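J.: Encoded as structure tokens, here's the structure I'll be asking about.
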Ligand code: MN
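Given below as structure tokens:
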């Protein structure tokens with residue numbers, strides 16, 4: 479599907495008080511990376527990006543599929559560790575089975591949230607179950623935990639009763655935080671939002687935004703024009719804080735994930751699956767994982783756990799939350 483013919487015509491009405499077009503917006507194109515081990519599936523990663531590290535506390539955004547998983551292993555991510563973050567697993571099609579070191583075994587389906595809070599240390603695996611739908615399509619995002627909460631005990635929650643609100647001609651499911659008066663029960667540690675937005679074909683909608691938040695709109699379908707920019711599936715358009723609304727035009731039926739949050743002021747050191755604050759802390763986490771120390775055990779996964787990659791030859795440095803350079 480292409481909406482190229484629309485692109486030249488789409489301009490924002492700059493006289494609109496609601497749409498502050500003076501604020502910059504940038505489209506982050508994803509890079510394709512293998513997920514997990516040797517049987518890896520390719521995913522499209524928009525955060526971290528060379529032009530942008532974070533949106534609020536959101537520090538990692540992967541989109542995958544739709545993949546045909548009728549044959550082959552589907553998703554297979556062997557047991558691996560995390561520190562300092564929450565993982566947010568959200569599906570549009572298919573199923574993923576989560577297992578973790580605090581004893582959780584939880585299938586997640588479209589419309590449901592699997593939320594894992596690593597706190598100081600957790601390990602988990604993710605796999606396509608043996609009995610599964612033909613197609614797999616979803617996202618996984620990470621939320622950085624703030625300093626005062628990043629060493630909490632690891633825990634897991636599943637949410638199948640997320641609120642749904644109609645916003646004009648859009649149907650919005652609130653995954654995390656609050657949107658349009660509806661609040662998810664998922665626990666957050668900084669002010670943030672995640673909401674799935676479904677829009678019928680050939681609609682022109684305006685979504686209100688929390689002005690104190692930075693925002694991203696991750697396209698989950700093709701044919702979206704967001705504030706005048708064509709955003710293809712797996713790409714994300716980013717808005718700095720200060721915006722009151724975003725306009726989305728669809729060609730076919732459209733879906734997007736809106737994420738946002740207050741700018742995250744702490745500098746992070748992110749490496750592999752660890753979110754820390756210093757090189758030495760990451761080295762320690764890696765050594766602990768390799769020694770089988772502190773991250774618990776994932777029961778029931780048919781396969782070996784992931785080995786940590788070697789550390790780079792240079793010291794990891796904290797990075798600012800926006801530009802990498
Ligand atoms: Mn993980």
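Residue numbers (this note's numbering): 479 to 803. Just so you know, even glycine gets a beta-carbon here, dropped at the ideal spot from N, CA and C. Computed from a predicted structure; not experimentally measured.
1. With distances taken from CA atoms, which of 511, 536, 702, 618 is nearest residue 739?
2. Buried or exposed for residue 522, going by 16 or more other Cβ atoms inside 10 Å?
3. Unbroken alpha helix (DSSP H) runs of length 4 or more, entirely within the region 521 to 597: which are they?
4. What I want to know is whether the C-beta of residue 728 ends up closer than 7 Å to one or more non-hydrogen atoms of the ligand MN.
5. Thinking just about the alpha-carbon of each residue, which of 566, 628, 561, 632 is nearest to the one in residue 579?
6. What residues in its chain sit with their C-beta under 6 Å from that of residue 615, if we drop five residues either side in the sequence?
7. Going along the chain, which unbroken runs of the beta strand (DSSP E) with 3 or more residues stay wholly within the region 631 to 685?
8. Verify whether the separation of the beta carbon atoms of residue 623 and residue 687 is less than 8 Å.
9. Given a cut-off of 8 Å, decide if residue 596 and residue 420 are closer than it, judged by their beta-carbon atoms.
10. Hey, would you say residue 773 sits closer than 8 Å to residue 559, going by beta carbons?
11. What does DSSP give as the partner residue(s) for residue 733 in the beta ladder?
12. Using the rule of at least 16 other Cβ atoms within 10 Å of the residue's Cβ for burial, across every protein chain shown, is residue 678 buried or exposed?
13. Which residues bound the beta strand (DSSP E) around residue 504?
14. Using only the alpha-carbon positions, how far apart do residue 500 and residue 708 sit?
15. Got a sec: does the ligand MN put a non-hydrogen atom nearer than 7 Å to the Cβ of residue 459?
16. Could you check if residue 558 belongs to the surroundings of the ligand MN, using beta carbon to heavy atom distance under 7 Å?
17. Using a 10 Å radius around the Cβ and a threshold of 16 neighbouring Cβ atoms, would you call residue 629 buried or exposed?
18. Measuring only the C-alpha atoms, how far is residue 733 from residue 769?
19. State buried or exposed for residue 489, treating a residue as buried only when at least 16 other CB atoms are found within 10 Å of its CB.
20. Less than 8 Å separating the beta-carbons of residue 533 and residue 716?
21. Quick check: is any heavy atom of the ligand MN less than 7 Å from the C-beta of residue 561?
22. Consult DSSP for residue 757 and reduce its assignment to one of helix, strand or coil.
23. Where does the unbroken beta strand (DSSP E) through residue 745 begin, and where does it stop?
24. Exposed or buried, residue 605, counting other C-beta atoms within 10 Å across all chains shown (16 or more means buried)?
T.: Walking through what the data contain:
1. Counting from 1 along the chain shown, the entry for residue 739 is found at position 261. Among 511, 536, 702, 618, the Cα nearest to that of residue 739 belongs to 536.
2. Residue 522 sits at position 44 when you count from the first residue of the chain shown. Its Cβ being crowded by 16 or more others within 10 Å, residue 522 is buried.
3. none
4. The residue labelled residue 728 in the question sits at position 250 within the chain shown. Because no heavy atom of the ligand MN lies under 7 Å away, the Cβ of residue 728 does not count as near it: no.
5. Indexing the chain shown from 1 puts residue 579 at position 101. Answer by Cα proximity: 632.
6. Residue 615 sits at position 137 when you count from the first residue of the chain shown. Closer than 6 Å at Cβ, skipping near neighbours: 543, 544, 570, 571.
7. 633 to 637, 642 to 645, 648 to 654, 670 to 677
8. The sequence position of residue 623 within the chain shown is 145, counting from 1. The sequence position of residue 687 within the chain shown is 209, counting from 1. In this structure, residue 687 does not lie closer than 8 Å to residue 623 by Cβ.
9. Residue 420 is absent from the structure shown; the chain starts at 479 and stops at 803.
10. Looking up residue 773 in the chain shown gives position 295. Looking up residue 559 in the chain shown gives position 81. Against a cut-off of 8 Å, the Cβ pair of residue 559 and residue 773 comes out as a contact.
11. Numbered from 1 along the chain shown, position 255 holds the residue referred to as residue 733. Answer by DSSP bridge pairing, in chain order: 676.
12. On the chain shown, residue 678 is found 200 positions in, with the first residue counted as 1. Exposed, because fewer than 16 other Cβ atoms sit within 10 Å of the Cβ of residue 678.
13. If you number the chain shown from 1, residue 504 lands on position 26. Counting along the chain, the beta strand (DSSP E) containing residue 504 begins and ends at 503 to 506.
14. Taking the first residue of the chain shown as 1, we reach residue 500 at position 22. Taking the first residue of the chain shown as 1, we reach residue 708 at position 230. Note that residue 500 scores 46 on pLDDT, short of 50, meaning its location in the model is unreliable; the coordinates nonetheless yield the value given after this. Rounded to whole angstroms, residue 500 to residue 708 spans 18 Å at the Cα level.
15. Because the chain in this structure spans residues 479 to 803, residue 459 falls outside the shown range and cannot be described.
16. Taking the first residue of the chain shown as 1, we reach residue 558 at position 80. Yes, the ligand MN has a heavy atom inside 7 Å of this Cβ.
17. The count along the chain shown starts at 1 and reaches residue 629 at position 151. Label assigned to residue 629: exposed.
18. Residue numbering aside, residue 733 sits at position 255 when the chain shown is read from its first letter. Residue numbering aside, residue 769 sits at position 291 when the chain shown is read from its first letter. Going by the C-alpha atoms only, they are around 43 Å apart.
19. The residue you call residue 489 lines up with position 11 of the chain shown. With a pLDDT of 34 at residue 489, under the threshold of 50, the modelled position of that residue is not reliable, and no figure is offered here.
20. Counting from 1 along the chain shown, the entry for residue 533 is found at position 55. Counting from 1 along the chain shown, the entry for residue 716 is found at position 238. Yes, they are a contact pair.
21. For the purposes of this step, residue 561 is taken as the residue at position 83 of the chain shown. Incorrect: residue 561 has no Cβ contact closer than 7 Å to the ligand MN.
22. As a first step, residue 757 is located in the chain shown; it is residue number 279 there, counting from the start. Here residue 757 sits in helix by DSSP.
23. For this step, residue 745 is matched to residue 267 along the chain shown. Taken as a continuous stretch (DSSP letters only), residue 745 belongs to no beta strand (DSSP E), as it is neither H nor E.
24. Within the chain shown, the letter at position 127 stands for residue 605. Residue 605 comes out buried.
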